[in-house]
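Participant: Take a look at the following structure, please.
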Amino acid sequence: MGSADSDWLTLEGSSFSVRSFSSVWAVALATYGVGDVVTTIAIVYFVPTFTEANPAIRWAIQSFGGGGFLGLKLLVIYCCLGLSIWGGVLEEDPLLYYGPPVLLTVLGLVVTGFNLTLLFS
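Here it is, written out as structure tokens:
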């Protein structure tokens, strides 16, 4: 068995920079990863009149508690991260590179905003 070659997993030589990668993913993680998680937990666990509307998230919470919810969120983030790395490093495709974190950012902003509206209404 040969050793794994980790040189393929770098942005060096691609048309994308590490700074742009870090920036778009920091915003995506702040909105989808932190904003949505915190507001969803606040609604599900502290507001008895509301339940989770997303059936997949509801199932994860009912079956595995908060860990199931976080696991499902991490699965989505890792899949999008993998798609972004694949698109940027291997395919040199700007849509695949920037699309997943932008999609997560928009989704995170919408869902966090909706959750905040529910919390403070």
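With the UniProt record's numbering applied, the sequence shown corresponds to residues 1 to 121, in that order.
Note that beta-carbon positions come from the ideal geometry of N, C-alpha and C, so glycine has one too.
Anyone know if the C-beta pair for A56 and T105 falls short of 8 Å?
Facilitator: no
Participant: Which residues mark the beginning and the end of the alpha helix (DSSP H) in which L81 is found?
Facilitator: G66 to I85
Participant: Residues in the same chain with beta-carbon distance under 7 Å from T39, minus the five sequence neighbours each way, listed in chain order, please.
Facilitator: T112, N115, L116 and L119
Participant: Buried or exposed: which applies to G67, given that a residue is buried once 16 or more other Cβ atoms fall within 10 Å of its Cβ?
Facilitator: exposed
Participant: So what's E93 in DSSP terms, helix, strand or just coil?
Facilitator: Per the sequence presented here, residue 93 reads as Asp, with Glu not at that position. Secondary structure of D93 (DSSP, three-state): coil.
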